[in-house]
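Some notes on the structure that comes next.
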Amino acid sequence: ACEIAAESRSRARVARMADAIPLADGTHEAFRTVTTENAEKYWEAIPSTMDGVLGGFEIVAAPDADTSLAFAGAMFGPKLLGRALDCGAGIGRVSRDVLSKLALKVDLVELVPKYVEQARVELKDEPKMCDFFTSSLQDFVPAEGIYDLIWIQWVIGHLTDVELVDFLQRCARGLRPGGWIVVKDNNTSPTEPGIIDGKYLIDADDHSVMRTNKVVKHLFATAGLKLHKEVVQKRFPSELCTVRMYALTPLPPSERADH
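Right, here's the structure in full:
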């Protein structure tokens, strides 16, 4: 019986390897301009305002927060979490409108220094705010085992596949037992004009890349995360792309794709 179980596990590993999708790094056609330097240069030129960080669509702020809170409530229940981390926080909108309503303590991390300073201003009267980190997500290492929730919104397009998987794995190590990772971001369609390899759509203005839903979920699995729920954002202007929320937890080692 042990030999049969071992053979079954071996076959499963081989099948997973056969189904694996190669991870794109900075040499891939879609990601050649996806660098920290290009992201910082672009966003430094964008005003430190709600409309600025939302790309001229301040109108989405309220429905975005409402849907995020409903999603979180359905996943985590009404009890406040201990500590949350807002990744790619901009001027602190998600920290203020979402995470401060979900957790007793909130930290944020943002690449652009002027946004971090504006976040301090925006959140100066919010007693739940704790640490304000200035860092790229490529370089940021969450403290291990302290977060009940790590929220990553509208920023994964500034990381290559390899960088995103690495970051998600660091986030998993930053969670307390029972902790969650939520990713909320844009999706493209595999039939979108200009898409590369049926997976990646480049934004030439801000040097980011939008992925298909299939690719995003593959990256979660590669990072050793279990997807519990995904929801499409509603009540956004029709001209905007699809936005999805994903609720994730770390898989036990025996269930990870690389096991």
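Going by the numbering used here, the final residue of the sequence shown carries number 969, and the count climbs one at a time with no gaps. Cβ coordinates follow ideal geometry from the N, Cα and C atoms, glycine included. Predicted model, so just to flag it, every value in this text is computed and none were measured.
- Could you name the residues of the same chain whose beta carbon sits closer than 8 Å to that of Leu812, not counting the 5 residues immediately before and after it, in chain order? Leu779, Ala782, Phe786, Leu790, Leu791, Ala794 and Leu859
- Compute the Euclidean distance between the alpha carbons of Asp889 and Gly908, then round it to the nearest angstrom. According to the sequence displayed, residue 889 carries Gly and not Asp. Taking the straight line joining both Cα atoms gives about 33 Å.
- Query: Between the Cα of Glu902 and the Cα atoms of Asp796, Trp864, Asn923 and Thr870, which residue gives the shortest distance?
  - Reply: Asn923
- C-beta atoms of Val892 and Ala957 nearer than 8 Å: yes
- Hey, Ile769 and Val763 are a contact pair by Cβ (cut 8 Å); roughly how many whole angstroms apart? Contact flag wrong, Cβ pair sits at about 13 Å.
- Message: Determine whether the beta carbon atoms of Val831 and Ala799 lie at a separation below 8 Å.
- Response: no
- Query: Is it true that the CB of Thr932 sits closer than 8 Å to the CB of Ala734?
  - Reply: no
- For Leu885, verify whether its CB is less than 7 Å away from any heavy atom of the ligand COA. This structure lacks the ligand COA; in fact it carries no ligand of any kind.
- Message: Let me check understanding here. Comparing Cα to Cα, which of Lys944, Leu878, Thr844 and Pro823 lies closest to Pro773?
- Response: Lys944
- Query: Per DSSP, Arg921 is paired with what?
  - Reply: Asn897 and Tyr910
- Item | Nearest candidate by alpha-carbon position, reference Leu809, set Val953, Ile862 and Glu750 | Ile862
- Beta-carbon spacing of Thr914, Gly884 below 8 Å: The residue asked about is misnamed: residue 914 is Ala in this sequence, not Thr. No.
- Locate the beta strand (DSSP E) running through Trp861, then write down its first and last residues. Tyr857 to Gln863
- Pair within 8 Å by beta-carbon distance, His868 and Thr743: no
- Item | Nearest residue (CA-CA) to Ser948, options Val851, Phe767, Asn748 and Thr746 | Phe767
- First and last residue of the alpha helix (DSSP H) that includes Asp774? Ala771 to Phe786
- If you follow the alpha helix (DSSP H) that Asp876 is part of, which residue opens it and which one closes it? Asp871 to Gly884
- Among all the DSSP beta bridges, which residues are the ones paired with Asp915? Answer is none; Asp915 lacks a bridge partner.
- Query: Just the Cα atoms here: how many angstroms apart are His938 and Thr959?
  - Reply: 8 Å
- Message: Less than 7 Å between C-beta atoms, sequence neighbours within five positions excluded: which residues of the same chain meet that for Glu873?
- Response: Gln848
- Item | Nearest neighbour of Pro788, chosen from Leu814, Thr745 and Lys894 [CA to CA] | Leu814
- Terminal residues of the beta strand (DSSP E) in which Thr959 lies: Thr952 to Pro960
- Between the Cα of Asp895 and those of Val926, Lys838, Gly802 and Asp761, spot the shortest distance and give me the residue it belongs to. Val926
- Is His738 helix, strand or coil by DSSP? coil
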